[in-house]
């Protein structure tokens with residue numbers, strides 16, 4: 001029995017890529033985790049979720065433990081509608097699909113829209129898990145660089161014009177994280193957001209707006225592309241992972257009903273009544289506005305701790321973007337291979353994610369790394385940055 | 001913006017089928033549910049799951065609420081390994097993948113193995129959700145009839161020989177529910193099981209064994225195909241939905257490591273740490289052998305109630321298989337269109353699933369219907385069968 005002989009053609013092609021999770025470093029014990037894009041343990045509402053389960057099961061009994069039938073599961077849709085109404089995104093029930101986190105949402109969108117010869121435009125660098133997902137469907141990509149103001153829309157426009165002149169196919173989808181981008185932490189300006197939508201209309205493509213970090217602003221929120229979208233071209237993906245708990249796996253897509261119908265059609269995990277009803281109960285019992293303010297303050301403090309530690313401990317030739325929110329700081333170290341350097345960093349007791357995993361062509365990312373200030377506490381962050389500084393200095397000496 | 005113009009080709013084809021869940025009747029209030037393949041409400045361990053969550057979060061704190069890191073999530077794999085060892089299925093860790101119920105398992109297997117021109121062999125009738133899933137990938141099916149001893153392997157062999165003679169492609173996959181089949185409740189004999197494996201070897205196909213009902217035997221367990229599989233041709237799918245709670249969404253695939261690796265690669269919901277860790281804690285605290293005995297006794301009593309009510313209330317020309325376990329009784333009513341009859345049944349206050357949804361060609365199922373004795377209690381079952389008898393008699397009179 002030759003297992004591979006049974007795989008479908010697309011699957012065989014996809015399996016030639018690096019396996020999922022290749023980017024994730026195996027952490028030694030006692031390692032300061034600047035690699036993990038996880039919420040701070042102190043901000044995970046353990047007791048509140050325990051109470052939510054107790055209160056849900058007292059109220060509904062067996063209902064949330066069947067496939068269907070829990071009123072709280074119905075309720076979650078309304079709660080998410082209300083939540084995104086706050087970002088000026090107004091959707092009806094048939095324009096919203098609850099998913100197992102943003103990743104399942106991205107995978108479903110890819111499943112429905114991407115053939116093996118579909119062109120997808122991505123930011124460069126971009127979220128490595130999304131890149132993994134798209135590479136399961138196609139190998140036709142257009143990479144558009146990011147700068148401190150987000151996606152370089154002038155480059156996008158040039159590329160599109162060039163493809164038009166050459167008779168090459170346009171992308172069917174642009175994947176972007178306009179706010180507190182993963183991995184760069186940058187935010188797209190309003191001007192550029194408008195230009196993205198104008199180009200989408202002109203070149204007839206869709207936009208997958210991944211907005212997982214939106215709530216975690218230090219200063220002020222930005223306007224989502226979806227709120228400016230007059231042609232229903234934006235498929236808007238959000239998540240409660242960063243503001244409640246990743247392990248609850250609650251995300252969503254807001255999009256035109258035709259898209260939601262198709263995404264739902266191929267979503268074959270039959271929903272997650274227990275998780276969804278628990279989340280609905282948690283949201284009922286939680287003052288989210290207050291919770292979000294606490295999260296913003298905490299992450300801002302941690303971000304400041306990281307930035308000031310980087311200034312203090314890192315050699316002069318190292319540079320980074322200062323984020324206005326989110327989880328990440330993107331660091332450039334001229335002349336250093338960050339993949340090679342990781343072994344040393346881990347042995348010193350600090351982790352990061354090497355830049356190569358965020359690029360379609362890994363060599364482009366060799367001098368970059370992603371730091372996360374979300375998981376570690378300020379003291380650990382300071383210590384971690386100090387260790388990182390030592391490692392970088394050693395490597396540069398060689 | 002024309003949404004459909006953005007869909008990939010396969011997706012456009014799939015969207016021409018009936019939408020998922022078309023089989024599910026909209027129930028009036030006060031309806032006796034003989035349609036629902038749900039565990040009996042009294043057997044859903046509400047309090048035990050509440051305790052499991054409390055004890056899990058007391059013990060592990062924030063760990064099961066992150067993407068990864070909960071020891072209990074690790075533990076669940078071992079618990080399932082032990083559980084299926086009891087059915088003489090011995091698998092290593094890299095031969096087991098935990099999924100969101102059996103449906104996600106079936107979908108992942110389809111995703112990895114089925115191209116748009118792949119031939120899939122199915123039982124006729126078969127589980128409607130599985131049929132929906134396979135139809136999302138291909139329209140090339142071979143339907144093999146079921147009788148009271150399960151899949152008619154002599155017909156399967158004839159079909160395969162015929163295809164050989166005609167130079168037609170063999171199926172890549174046979175989907176079967178050998179034990180307490182959904183919808184017929186029948187169980188494949190050991191002789192036929194052996195013949196399936198012999199044919200799989202001879203004609204080089206794989207077998208998806210869906211074993212969701214295995215534990216719910218009234219008399220004795222049968223030997224799974226997977227336990228007799230010497231060539232790693234069986235992808236074995238199981239689930240805790242029928243023995244704990246469907247809403248927890250815990251299923252699995254046991255198969256050769258090459259298959260598990262591929263299935264895991266395309267599973268993009270990032271696991272469900274909270275649900276999985278809760279289930280692991282529940283299993284630690286539960287004497288499953290005792291629980292299973294209770295389930296078997298209860299479902300046997302309910303099955304007996306249904307069978308004796310059918311004997312009492314249904315006209316002579318109606319026939320059915322008497323199941324040896326599981327959830328379902330498959331009923332044949334010569335000369336009646338069960339899809340048409342459903343409106344009347346619902347207005348009388350009893351539900352069932354019309355037979356047409358379990359067949360590739362719906363006209364084949366017009367004289368059949370599926371009853372479930374899992375959800376309703378014995379008194380309701382008796383009353384439901386009586387109502388059904390009245391409806392059938394009325395329809396036959398017309």
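Residue numbers (full-length UniProt numbering), protein chains in the order written: chain W, 1 to 398; chain Z, 1 to 398. Glycine included, each C-beta is placed from N, C-alpha and C at the ideal position. No experiment lies behind these values; they were computed from the predicted model shown.
Straight-line Cα distance separating residue 333 (chain W) from residue 317 (chain W): If you number the first chain from 1, residue 317 (chain W) lands on position 317. If you number the first chain from 1, residue 333 (chain W) lands on position 333. Their backbone Cα atoms lie some 7 Å apart in a straight line.
Check residue 121 (chain W) in the structure and name its three-state DSSP category. Along the first chain, one-based indexing puts residue 121 (chain W) at 121. DSSP places residue 121 (chain W) in strand when its eight states are reduced to three.
Check whether residue 86 (chain Z) and residue 250 (chain Z) have beta carbons under 8 Å apart: Residue mapping note: residue 86 (chain Z) aligns to position 86 of the second chain, counting from 1. Residue mapping note: residue 250 (chain Z) aligns to position 250 of the second chain, counting from 1. Going by C-beta atoms, residue 86 (chain Z) is not nearer than 8 Å to residue 250 (chain Z).
As an exercise, report each continuous beta strand (DSSP E) stretch of at least 3 residues that is fully enclosed by the region 300-370 of chain Z, in chain order. 318-320, 328-333
C-alpha distance - residue 125 (chain W) paired with residue 133 (chain W), whole-angstrom precision: Working through the first chain from its first residue, we reach residue 125 (chain W) at position 125. Working through the first chain from its first residue, we reach residue 133 (chain W) at position 133. Distance between the alpha carbons of residue 125 (chain W) and residue 133 (chain W): 15 Å.
Note the first and the last residue of the continuous alpha helix (DSSP H) segment covering residue 202 (chain W). As a working note, residue 202 (chain W) is residue 202 in the first chain. Run containing residue 202 (chain W): 190-202, per the alpha helix (DSSP H) assignment.
Rounded to whole angstroms, what's the CA-CA distance from residue 62 (chain W) to residue 48 (chain W)? Just pull it up for me. Stepping through the first chain from its first residue, residue 62 (chain W) is reached at position 62. Stepping through the first chain from its first residue, residue 48 (chain W) is reached at position 48. Approximately 21 Å, taken between the alpha carbons.
Taking any Cβ of chain W, which residues in the region 66-91 of chain Z have a Cβ under 8 Å from it, in chain order? 66, 67, 70
Where residue 214 (chain Z) and residue 222 (chain Z) are concerned, what is the direct C-alpha to C-alpha distance, given to the nearest angstrom? Your numbering for residue 214 (chain Z) matches position 214 in the second chain. Your numbering for residue 222 (chain Z) matches position 222 in the second chain. Spanning the two alpha carbons is a distance of roughly 8 Å.
When you check each C-beta in the region 119-133 of chain W against every C-beta of chain Z, which residues fall closer than 9 Å? 129, 132, 133
Chain W partners of residue 114 (chain Z), CB-CB under 9 Å? Mapped onto the second chain, residue 114 (chain Z) falls at position 114. Within chain W, the residues near residue 114 (chain Z) are 8.
Round the Cβ separation of residue 205 (chain Z) and residue 174 (chain Z) to the nearest angstrom and send it over; I've been treating them as touching at under 8 Å. The residue labelled residue 205 (chain Z) in the question sits at position 205 within the second chain. The residue labelled residue 174 (chain Z) in the question sits at position 174 within the second chain. With a Cβ gap of about 6 Å, residue 205 (chain Z) and residue 174 (chain Z) count as contacting.
Check the Cβ-Cβ distances between residue 265 (chain Z) and every residue of chain W, and say whether any is below 8 Å. Position 265 of the second chain holds residue 265 (chain Z). True, the Cβ-Cβ gap to chain W drops below 8 Å.
Taking the Cβ atom as the reference point for each residue, do residue 103 (chain Z) and residue 129 (chain Z) lie within a distance shorter than 8 Å? One-based indexing of the second chain puts residue 103 (chain Z) at position 103. One-based indexing of the second chain puts residue 129 (chain Z) at position 129. The answer is yes: Cβ separation under 8 Å.
Go to residue 145 (chain Z), then tell me how far its beta strand (DSSP E) extends in each direction, as first and last residue. By 1-based counting over the second chain, the position of residue 145 (chain Z) is 145. It spans 140-147 - the beta strand (DSSP E) in which residue 145 (chain Z) sits, taken as one unbroken run.
What whole-angstrom Cβ distance do residue 275 (chain Z) and residue 274 (chain W) have, given they're in contact under 8 Å? Position 275 of the second chain, counted from the first residue, corresponds to residue 275 (chain Z). Position 274 of the first chain, counted from the first residue, corresponds to residue 274 (chain W). Confirmed, about 6 Å.
Could one say the Cβ of residue 256 (chain W) lies closer than 8 Å to chain Z's Cβ atoms, at least one of them? Here residue 256 (chain W) refers to the residue found at position 256 when the first chain is read from its first residue. It does: the Cβ of residue 256 (chain W) has a partner Cβ on chain Z nearer than 8 Å.
Considering only the beta carbon of each residue, do residue 157 (chain W) and residue 218 (chain W) sit closer than 8 Å? In the first chain, residue 157 (chain W) corresponds to position 157, counting from 1. In the first chain, residue 218 (chain W) corresponds to position 218, counting from 1. Result no, Cβ atoms of residue 157 (chain W) and residue 218 (chain W) do not sit closer than 8 Å.
Beta-carbon of residue 180 (chain Z) versus every beta-carbon of chain W: anything under 8 Å? Here residue 180 (chain Z) refers to the residue found at position 180 of the second chain. Chain W, which has no Cβ nearer than 8 Å to the Cβ of residue 180 (chain Z), makes this no.
To the nearest angstrom, how far is it from the Cα of residue 90 (chain Z) to the Cα of residue 224 (chain Z)? For the purposes of this step, residue 90 (chain Z) is taken as residue 90 along the second chain, with counting starting at 1. For the purposes of this step, residue 224 (chain Z) is taken as residue 224 along the second chain, with counting starting at 1. If I take the Cα positions, the gap works out to 12 Å.
What in chain Z is Cβ-close to residue 62 (chain W), meaning under 7 Å? Numbered from 1 along the first chain, position 62 holds the residue referred to as residue 62 (chain W). Chain Z residues near residue 62 (chain W): 41, 44, 46.
Under the three-state DSSP convention, the category residue 167 (chain W) falls into: Position 167 of the first chain, counted from the first residue, corresponds to residue 167 (chain W). If DSSP states are grouped into helix, strand and coil, residue 167 (chain W) belongs with coil.
Distance check for residue 176 (chain Z) and residue 324 (chain W), CA to CA, integer angstroms please. Start at 1 with the first residue of the first chain, and residue 324 (chain W) comes out as number 324. Start at 1 with the first residue of the second chain, and residue 176 (chain Z) comes out as number 176. Taking the straight line from one Cα to the other gives about 55 Å.
Alpha carbon to alpha carbon, how far is residue 227 (chain W) from residue 238 (chain W)? Give it in angstroms, no decimals. Here residue 238 (chain W) refers to the residue found at position 238 when the first chain is read from its first residue. Here residue 227 (chain W) refers to the residue found at position 227 when the first chain is read from its first residue. Approximately 13 Å, taken between the alpha carbons.
Report the rounded CA-to-CA distance for residue 298 (chain W) versus residue 178 (chain W), giving the unit in angstroms. Numbered from its first residue, the first chain carries residue 298 (chain W) at position 298. Numbered from its first residue, the first chain carries residue 178 (chain W) at position 178. Rounded to the nearest angstrom, the two C-alpha atoms are 22 Å apart.
Against chain W, with Cβ distances strictly below 8 Å, would residue 390 (chain Z) count as a contact? Along the second chain, one-based indexing puts residue 390 (chain Z) at 390. No, because no Cβ of chain W sits closer than 8 Å to the Cβ of residue 390 (chain Z).
Nearest-angstrom beta carbon gap, residue 196 (chain W) and residue 246 (chain W) [assumed within contact, 8 Å]: Position 246 of the first chain, counted from the first residue, corresponds to residue 246 (chain W). Position 196 of the first chain, counted from the first residue, corresponds to residue 196 (chain W). 28 Å between Cβ atoms; not a contact.
Limits of the unbroken beta strand (DSSP E) element including residue 252 (chain W): Position 252 of the first chain, counted from the first residue, corresponds to residue 252 (chain W). Residues 251-254.
Between residue 372 (chain W) and chain Z, is the shortest Cβ-Cβ distance under 8 Å, so that the two count as touching? Numbered from 1 along the first chain, position 372 holds the residue referred to as residue 372 (chain W). Chain Z, which has no Cβ nearer than 8 Å to the Cβ of residue 372 (chain W), makes this no.
From the DSSP output, in three-state form, read off residue 372 (chain Z) for me. Here residue 372 (chain Z) refers to the residue found at position 372 when the second chain is read from its first residue. Strand.
Would residue 97 (chain W) and residue 263 (chain W) be called neighbours here (beta carbons separated by less than 8 Å)? Counted from its first residue, the first chain places residue 97 (chain W) at position 97. Counted from its first residue, the first chain places residue 263 (chain W) at position 263. Closer than 8 Å, so yes.
Which residues in chain W have a C-beta closer than 7 Å to the C-beta of residue 232 (chain Z)? List them in chain order. Counting from 1 along the second chain, the entry for residue 232 (chain Z) is found at position 232. Neighbours of residue 232 (chain Z) on chain W, chain order: 1.
Measure the alpha-carbon distance for residue 233 (chain W) versus residue 114 (chain W) and round it to whole angstroms. What you label residue 233 (chain W) is simply residue 233 of the first chain in a count that begins at 1. What you label residue 114 (chain W) is simply residue 114 of the first chain in a count that begins at 1. If I take the Cα positions, the gap works out to 15 Å.
Inter-residue spacing [alpha-carbon to alpha-carbon] between residue 44 (chain Z) and residue 291 (chain Z): For this step, residue 44 (chain Z) is matched to residue 44 along the second chain. For this step, residue 291 (chain Z) is matched to residue 291 along the second chain. Distance between the alpha carbons of residue 44 (chain Z) and residue 291 (chain Z) is about 11 Å.
For residue 284 (chain Z) and residue 76 (chain Z), what's the separation of their Cα atoms in angstroms? As a working note, residue 284 (chain Z) is residue 284 in the second chain. As a working note, residue 76 (chain Z) is residue 76 in the second chain. Cα-Cα distance, rounded: 9 Å.
Return yes when the Cβ of residue 328 (chain W) is within less than 8 Å of the Cβ of residue 150 (chain W), no when it is not. As a working note, residue 150 (chain W) is residue 150 in the first chain. As a working note, residue 328 (chain W) is residue 328 in the first chain. Cβ distance not < 8 Å, so residue 150 (chain W) and residue 328 (chain W) don't count as in contact.
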